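Asker: Please see the structure below; I have some questions.
2 protein chains.
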Amino acid sequence: MPQTRHTERHFTASETVRDVVIGMSDGLTVPFALAAGLSGAIDSTAIIVTAGLAEIAAGSIAMGLGGYLAAKSDAEHYASEQRRELKEVAEIPEEEMEEVAQVFRGYGLTQDQVAPVVHALSERPQAWVDFMMRFELGLEEPRPERARTSAVTIGGAYMAGGLIPLAPYIIMSSAHSALLISIVVTLAALLVFGYIKGRFTTARPIRSALETALVGSVAAGAAFLIARAIS
Amino acid sequence: MPQTRHTERHFTASETVRDVVIGMSDGLTVPFALAAGLSGAIDSTAIIVTAGLAEIAAGSIAMGLGGYLAAKSDAEHYASEQRRELKEVAEIPEEEMEEVAQVFRGYGLTQDQVAPVVHALSERPQAWVDFMMRFELGLEEPRPERARTSAVTIGGAYMAGGLIPLAPYIIMSSAHSALLISIVVTLAALLVFGYIKGRFTTARPIRSALETALVGSVAAGAAFLIARAIS
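The listed protein sequences derive, respectively, from chains R and E.
Heads up: the first sequence is residues 147 to 377, going by this note's numbering.
Heads up: the second sequence is residues 147 to 377, going by this note's numbering.
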């Protein structure tokens, strides 16, 4: 079970864009909601800024370092499955040939139609294993050297996103006034970010903008109500 | 570019386990680190509990609702790509047959070896499209009905995870004492959770336990130092 998000290589969005999207989605949302929630309970921006920066540190490390370790696990999982397939291809080739045939029979092909491909693969063990990894197990070959860059990009995007809703609390002394500015600034940022994200990932950027703003608003509203209820 | 994490169907871990792992990883880590960080700056457990519960609300909604909307986008992306493939298979079958052949040539097969499969697929448009979706585009068919269950499980696991580090602050009045209990309880929870996660996802559960505890510790340490530095 890979723990990292699945990358679709055939898409136009670069991996860096993907990482920025992952980090910034949460970075804009959670610190915004936390600060908004605290504004419902306390009027000291100093405490809200402290909590906000602590959250940004925690969130960016959880996503960055957590993602890095998960990517490393995925790479090791791939390598161990690959070793197993190599072994099976050498030791029980008939069963593995049957597994290749099964992949194709799932698409309605007959044994006769599949036989040339099965035979050809069985003469190229390395290609055979590559084929099994992708088409039987559905695993994409991970690139371990990407894990570090990806972790830094995701963590950095979380930090950059989190500082936007927090900026008004850093500048102003009244939590109430800062909350109003933070809502305006962050909703604008969520709409712009959601739109750009939508341009890269879907055919409907305007809906992506509205959905992204919706998640931020619901999270902030819930945090605000909870903080006010218990304070 | 699918925005949701990739599910490896062939694995033994159920989808529910996967969702609990995703939600609880962050739920144990971020509220723990936030509360620890605030303990470095303020001694009022009331404020720490308020911030912690606001964060749990925000984080679980960001992960749950955000994940739900991303899964819906993925499902629509799949449907739109499927419509495009159906259209291309009907309108430009030669080019699509060449694309099937290319998939196999990537594994060193010759045109002769591939021809029977290409021909057989070309006579079954629905199977052909299914084949292209999986083997050319690398897309797994999403199940939209899963999105809601998955969102609730991830959000619920985040909440359950987040209440563990927060419990000592709820019960006790001294932030300093609560911090010490929270560290002991949460490190134990991270080790147990990391071990169980490792049993499901890797061959090395003990390393998974240590890594999970490491991410939580680094996040909490960073949050603590930042909160103390600015307070």
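Yeah, the Cβ is synthetic: ideal placement off N, Cα and C, and Gly gets one too.
All figures in this text were calculated on a predicted structure; none of them were measured in a lab.
Using a Cβ-Cβ distance under 9 Å, would residue 332 of chain R count as near chain E?
Answerer: No, residue 332 of chain R does not count as interfacial toward chain E.
Asker: Is it true that the CB of residue 201 of chain E sits closer than 9 Å to the CB of residue 183 of chain R?
Answerer: Yes, the pair counts as a contact, with Cβ atoms nearer than the cut-off.
Asker: Look at the alpha carbon of residue 371 of chain E and the alpha carbon of residue 343 of chain E, and state the distance between them as a whole number of angstroms.
Answerer: Going from the Cα of residue 371 of chain E to the Cα of residue 343 of chain E covers about 29 Å.
Asker: When we look at the beta-carbon of residue 328 of chain E and count the other beta-carbons within 10 Å, is it buried (16 or more) or exposed?
Answerer: Buried, by the Cβ-count rule.
Asker: If you measure between the beta carbons of residue 179 of chain R and residue 355 of chain R, is that distance less than 9 Å?
Answerer: Not closer than 9 Å, so no.
Asker: So, does the region 188–203 of chain E touch the region 333–343 of chain E, judging by three or more C-beta pairs under 8 Å?
Answerer: Too few Cβ pairs lie closer than 8 Å, so no.
Asker: At a Cβ threshold of 9 Å, is residue 322 of chain R touching chain E?
Answerer: With 9 Å as the cut-off, residue 322 of chain R does not count as an interface residue toward chain E.
Asker: Would you please verify whether the beta carbon of residue 327 of chain R is less than 9 Å from any beta carbon of chain E?
Answerer: It does not: the Cβ of residue 327 of chain R has no partner Cβ on chain E nearer than 9 Å.
Asker: Counting only beta-carbon atoms, is residue 248 of chain E nearer than 9 Å to chain R?
Answerer: No, no contact with chain R.
Asker: Who are residue 320 of chain E's beta bridge partners in DSSP?
Answerer: According to DSSP, which records beta bridges pairwise, residue 320 of chain E is partnered with E:190.
Asker: Is the region 163–180 of chain E touching the region 190–201 of chain E, taking contact as three or more C-beta pairs under 8 Å?
Answerer: Flag = yes, the region 163–180 of chain E and the region 190–201 of chain E touch.
Asker: List, in order along the chain, the chain E residues whose C-beta lies closer than 7 Å to that of residue 339 of chain R?
Answerer: None at all; the shortest Cβ gap to chain E is about 13 Å.
Asker: Output, in sequence order along the chain, the residues in the region 221–240 of chain E whose CB is closer than 8 Å to any CB in chain R.
Answerer: Answer in chain order: 222, 223, 226.
Asker: Is residue 152 of chain E buried or exposed, if buried means 16 or more other CB atoms sit within 10 Å of its CB?
Answerer: Confidence is the limiting factor: at residue 152 of chain E the pLDDT is only 41, short of 50, which leaves the residue's position unreliable, though a coordinate-based value still follows. Burial call: buried.
Asker: Going by other Cβ atoms of all chains shown within 10 Å of its Cβ, with 16 needed for buried, is residue 256 of chain E buried or exposed?
Answerer: Residue 256 of chain E comes out exposed.
Asker: In three-state DSSP terms, what is residue 151 of chain E?
Answerer: Reliability fails at residue 151 of chain E, whose pLDDT of 45 lies under 50, so the model's placement of it is uncertain and the value that follows must be treated cautiously. Of the three classes helix, strand and coil, the one that applies to residue 151 of chain E here is strand, per DSSP.
Asker: Check whether the Cβ of residue 342 of chain R lies closer than 9 Å to any Cβ atom in chain E.
Answerer: No, because no Cβ of chain E sits closer than 9 Å to the Cβ of residue 342 of chain R.
Asker: Quick check on DSSP: helix, strand or coil for residue 349 of chain E?
Answerer: Correct three-state label for residue 349 of chain E: coil.
Asker: Could you tell me whether the Cβ of residue 253 of chain R comes closer than 9 Å to any Cβ of chain E?
Answerer: For residue 253 of chain R, the answer is yes, since a Cβ of chain E falls inside 9 Å of its Cβ.
Asker: Pull up the CB-CB distance for residue 335 of chain E and residue 174 of chain E, whole angstroms please, since I reckon it's below 8 Å.
Answerer: That pair is a contact at about 6 Å.
Asker: Under a three-way DSSP split, which group does residue 183 of chain E fall into?
Answerer: Reduced to three states, the DSSP call for residue 183 of chain E is helix.
Asker: Flag residue 347 of chain R as yes if its beta-carbon sits less than 9 Å from any beta-carbon of chain E, otherwise no.
Answerer: Chain E, which has a Cβ nearer than 9 Å to the Cβ of residue 347 of chain R, makes this yes.
Asker: Under 9 Å, do residue 305 of chain R and residue 235 of chain R count as touching if we go by C-beta distance?
Answerer: Taking 9 Å as the Cβ cut-off, residue 305 of chain R and residue 235 of chain R do not qualify as a contacting pair.
Asker: List the residues of chain R that residue 376 of chain E touches, going by C-beta distances under 8 Å, in chain order.
Answerer: Ordered by position in chain R, the residues that pass the 8 Å Cβ test against residue 376 of chain E are 195, 196, 199.
Asker: Looking at residue 281 of chain E and residue 251 of chain R, is the spacing between their C-beta atoms short of 9 Å?
Answerer: The answer is no: Cβ separation not under 9 Å.
Asker: Taking 6 Å as the limit between beta carbons, can you name the residues of its chain near residue 363 of chain R, skipping five residues before and five after?
Answerer: None.
Asker: Alpha carbons only, please: which of R:253, R:258, R:265, R:262 is nearest the one belonging to residue 276 of chain E?
Answerer: Among R:253, R:258, R:265, R:262, the Cα nearest to that of residue 276 of chain E belongs to R:253.
Asker: Examine chain R for any beta-carbon lying closer than 9 Å to the beta-carbon of residue 162 of chain E, and answer yes or no.
Answerer: With 9 Å as the cut-off, residue 162 of chain E does not count as an interface residue toward chain R.
Asker: Assign residue 271 of chain R to one of three DSSP states: helix, strand, or coil.
Answerer: If DSSP states are grouped into helix, strand and coil, residue 271 of chain R belongs with the helices.
Asker: Three-state secondary structure (DSSP) at residue 157 of chain R?
Answerer: Since pLDDT at residue 157 of chain R reaches only 42, below the 50 mark, its modelled position is unreliable, and the value read off the structure follows with that caveat. Residue 157 of chain R falls in the coil class under three-state DSSP.
Asker: Determine whether the Cβ of residue 262 of chain E lies closer than 9 Å to any Cβ atom of chain R.
Answerer: Taking Cβ atoms only, chain R reaches closer than 9 Å to residue 262 of chain E, which makes this a yes.
Asker: Could you check whether the region 187–195 of chain E touches the region 309–325 of chain E, counting it as contact only if at least three pairs of C-beta atoms, one from each stretch, sit closer than 8 Å?
Answerer: Counting Cβ pairs under 8 Å, three or more are found: they touch.
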